[in-house]
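Just below is one structure, and these are the notes that go with it.
Residue numbers (our numbering), protein chains in the order written: chain X, 1302 to 1485; chain Y, 50 to 308.
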């Protein structure tokens, strides 16, 4: 990496942008939006399956980041992972008001990875996609039904006609598979 | 919160279900109780959250949002920032005025020490004069609003319940200002304020000033600087967060329409 690329990466580091956003720096906030709006929108659209609703969720998630940037700090893990979980929770909460999702302030991630720049994010996502492609289909299906469709394990068991225990095991196994692959 | 490892009453699979938001009812409550006392599970949950985040980032098909979302978001942020900047400026202005009054008071004390009563009287007279000027200016503005040829008067009463809270609004379209007198308004808790809205004949409600009720449950407010020449259909009052809202967050509890 040449020096100019290093400088660029330093300037654009997530933690720096979040810190600037805390100081009400609209330019930094716009840079964060440019970097993660696609991620947030993709998850929102996958959950909501409606463009208008997904756009509202995208707006709300970033407005939350602007209004309460202190909810995210480095100790909570990396920003894109945190935003991904927050987006999903907000989308499910919006679609199924009767279900209680975790408050953003309670979401803490213990990630060994430090995704600080766009290149690293792209590489990270590519690695996880590789894992998902080789993962048993049943595991991935159970995880998608739980995460994106907001289904309980009982609902998933009924939908795929498998015992509850099998569904539980598949969901945990899927997550552990992702973890082990990323820790290599 | 204890860091001791508690006897595990939950299975690792249930912790994974919790991380993906797939637990509910008694199972969810049991897990939350357990997490409060089990540091090991809290740590494992953080790792599972990271696993879930990684999955979320990679599993959703990539979609690109429309540019108008960014424009809407940044416009919203700009509006909020402008409002907060105005609020800060107002606070500085108040601080300046308080400082001026304090300086006058200090001057009066020094004058009393040096020349006894003459300067004290001068300072008092100046304070009284300033106060009277301010009161006179406000009274003049109120009178002009009430007497302006185009001023329309309307009474705002409770929409559904007993008509106890009420407000009287005087709106001058040409002067672009409104004077409001209200009574029987309960004082609001911290973080809340009443907000008056101009309801134009076309378009969205326009913020027309925020106010609090005094200890006697009365309130009055002169709000200038409304959008010029706005044809009003009426006014409404809502309860909003103290920092104000750009649109009414709830149904109005006081509403008045111009005939």
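Backbone N, C-alpha and C define an ideal beta-carbon position, used for all residues, glycine too. Quick caveat: nothing in here was measured; it's all calculated off a predicted structure.
6 Å Cβ shell around residue i - same chain, five flanking residues per side excluded
i, result
"residue 1519/X", "No answer is possible for residue 1519/X: it lies beyond the span of chain X, which begins at 1302 and ends at 1485."
"residue 230/Y", "217 and 269"
"residue 50/Y", "Reliability of the predicted coordinates at residue 50/Y is poor, the pLDDT of 40 falling under 50, and the value obtained from them is presented with this limitation in mind. Within the same chain, residue 50/Y has no close Cβ partners at all."
"residue 61/Y", "none"
"residue 44/Y", "Only positions 50 to 308 of chain Y appear in the structure, and residue 44/Y is not among them; the question remains open."
"residue 262/Y", "234, 236 and 268"
"residue 195/Y", "219"
Beta-carbon separation (whole angstroms), residue i vs residue j, contact threshold 8 Å
i, j, result
"residue 205/Y", "residue 215/Y", "6 Å"
"residue 280/Y", "residue 250/Y", "5 Å"
"residue 287/Y", "residue 299/Y", "5 Å"
"residue 318/Y", "residue 174/Y", "Absent from the model: residue 318/Y. The displayed extent of chain Y is 50 to 308, so no value can be given."
"residue 126/Y", "residue 1327/X", "6 Å"
"residue 1364/X", "residue 295/Y", "Not confirmed; about 12 Å, so no contact."
"residue 1334/X", "residue 1381/X", "So it is not a contact: roughly 13 Å between Cβ atoms."
Residues near residue i by beta carbon distance below 8 Å, same chain, minus five either side
i, result
"residue 1349/X", "1355, 1358, 1392, 1395 and 1396"
"residue 91/Y", "84"
"residue 1464/X", "1458"
"residue 301/Y", "208, 246, 285, 286 and 287"
"residue 117/Y", "none"
"residue 72/Y", "63, 66 and 80"
Short Cβ contact (9 Å threshold) for residue i with residue j
i, j, result
"residue 1468/X", "residue 1454/X", "yes"
"residue 68/Y", "residue 89/Y", "no"
"residue 1340/X", "residue 109/Y", "yes"
"residue 70/Y", "residue 1390/X", "yes"
"residue 1429/X", "residue 106/Y", "yes"
"residue 1425/X", "residue 104/Y", "no"
"residue 303/Y", "residue 285/Y", "yes"
"residue 1473/X", "residue 65/Y", "yes"
"residue 238/Y", "residue 290/Y", "no"
"residue 172/Y", "residue 154/Y", "yes"
"residue 256/Y", "residue 246/Y", "yes"
"residue 120/Y", "residue 150/Y", "no"
"residue 132/Y", "residue 292/Y", "yes"
"residue 244/Y", "residue 260/Y", "yes"
"residue 1325/X", "residue 76/Y", "no"
Neighbourhood of residue i by C-beta distance below 7 Å, restricted to the same chain and skipping five residues each side
i, result
"residue 1388/X", "1341, 1344, 1345, 1358 and 1362"
"residue 191/Y", "228 and 271"
"residue 1457/X", "1443, 1446, 1447 and 1468"
"residue 278/Y", "222"
"residue 1329/X", "1318, 1321 and 1322"
"residue 93/Y", "64"
"residue 1471/X", "1439, 1440 and 1443"
Which listed residue (the options) has its alpha carbon closest to that of residue i
i, options, result
"residue 1370/X", "1442/X, 1464/X and 1323/X", "1323/X"
"residue 199/Y", "112/Y, 223/Y and 181/Y", "223/Y"
"residue 1437/X", "1320/X, 1368/X, 1321/X and 1475/X", "1475/X"
"residue 233/Y", "265/Y, 121/Y and 295/Y", "265/Y"
"residue 1383/X", "97/Y, 111/Y and 118/Y", "97/Y"
"residue 1385/X", "130/Y, 297/Y, 111/Y and 180/Y", "111/Y"
"residue 1373/X", "1353/X, 1316/X and 1423/X", "1316/X"
"residue 1439/X", "1353/X, 1482/X, 1460/X and 1347/X", "1460/X"
"residue 63/Y", "1466/X, 1422/X and 1481/X", "1466/X"
"residue 1479/X", "1367/X, 1434/X and 1332/X", "1434/X"
"residue 1347/X", "1450/X, 1471/X and 1470/X", "1450/X"
"residue 146/Y", "113/Y, 180/Y and 116/Y", "180/Y"
"residue 115/Y", "1477/X, 1421/X, 1481/X and 1353/X", "1353/X"
"residue 258/Y", "136/Y, 74/Y, 124/Y and 148/Y", "136/Y"
"residue 1427/X", "1462/X, 1482/X and 1471/X", "1482/X"
> When you check each C-beta in the segment 226–240 of chain Y against every C-beta of chain X, which residues fall closer than 9 Å?
Replying inline: none
>> Which residues of the segment 1346–1359 of chain X have a Cβ closer than 7 Å to any Cβ of chain Y? Give them in chain order.
In response: Taking 7 Å as the cut-off between beta carbons, the residues of the segment 1346–1359 of chain X near chain Y are 1346, 1347, 1356 and 1359, in sequence order.
>> At a CB distance below 8 Å, what residues from the segment 69–93 of chain Y approach chain X? Give them in sequence order.
In response: 69, 70, 71, 72, 73, 77 and 92
> Mind listing which residues of the segment 111–131 of chain Y have their C-beta closer than 9 Å to chain X's C-betas, in chain order?
Replying inline: 111, 112, 113, 114, 115, 117, 118, 119, 121, 122, 123, 125, 126, 127, 129 and 130
> When Cβ atoms are compared, which residues of the segment 98–111 of chain Y fall closer than 9 Å to chain X?
Replying inline: 98, 99, 100, 101, 102, 103, 104, 105, 106, 107, 108, 109, 110 and 111
> Using a Cβ cut-off of 8 Å, which residues of the segment 277–304 of chain Y contact any Cβ in chain X, in chain order?
Replying inline: Against chain X - using a Cβ distance shorter than 8 Å - the segment 277–304 of chain Y contributes no residues.
> Along the segment 1428–1448 of chain X, what residues have a CB closer than 7 Å to any CB found in chain Y?
Replying inline: The residues in question are 1429, 1430, 1433, 1444, 1445, 1447 and 1448.
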